[in-house]
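In the working numbering, the protein residues as written are -7 to 194.
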């Protein structure tokens, strides 16, 4: 009699494929344009590849750990790494300590009650009216995130009844943007082992 019980496994079957959402990261983060990313990272990848070649003895391809840091969430990244010959998956680590820079930062969200909470004598209705003007004129999108439209132009859209608060309103918006951009971001570190050919493919 066996010391441990036998495990009865089900018969293998092909499951229906579940279509995943496509897209990079999360909508509340600012990312650089793909060409800018390519221009920024290509020299680094070429430098790593050169290091592989320099350290190689004839017939030997040394292995190194490749670390990729991403902002937001990327679905099925592990599967994509495993699909590249020469890349061996090691680990995936969640982090909440990524410092923002000019390319990667959290986009500011302006809620309806922001001005009510920050400016004395502004009612909730007035705060909502300011928010509506921001939205109607394209300074924030339908999800309340600041767009790329120059905020300096917003002063001419502030209702006359709130003109005396114009400087304060702009100050509140700019402070909110600064505070948001200084927040640490969440993301993931992906670690994999690599070789020369995998680096070329990457």
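Here a beta-carbon is modelled for each residue, glycine too, at the ideal position from N, C-alpha and C.
query: Of the residues 150, 86, 140 and 95, the one placed nearest residue 121, counting alpha carbons only; result: 150
query: Neighbourhood of residue 141 by C-beta distance below 7 Å, restricted to the same chain and skipping five residues each side; result: 130 and 131
query: Residue from 35, 170, 96 and 154 with nearest C-alpha to residue 102; result: 170
query: Neighbourhood of residue 113 by C-beta distance below 6 Å, restricted to the same chain and skipping five residues each side; result: none
query: DSSP-derived helix/strand/coil call for residue 101; result: strand
query: Extent of the continuous alpha helix (DSSP H) to which residue 164 belongs; result: 158 to 173
query: Backbone secondary structure at residue 177 - three-state DSSP; result: strand
query: Segment contact flag, the segment 152 to 166 with the segment 69 to 80, C-beta cutoff 8 Å, min 3 pairs; result: no
query: Cα-Cα separation between residue 79 and residue 91, rounded to whole angstroms; result: 27 Å
query: Close Cβ partners of residue 88 (< 7 Å) along its chain, the five nearest in sequence each way excluded; result: 176 and 178
query: Residue interval of the alpha helix (DSSP H) (run including residue 122); result: 116 to 128
query: Residue 119 burial status per 10 Å Cβ neighbour count (16 or more: buried); result: buried
query: From 94, 30, 108 and 96, residue whose alpha carbon lies closest to that of residue 154; result: 108
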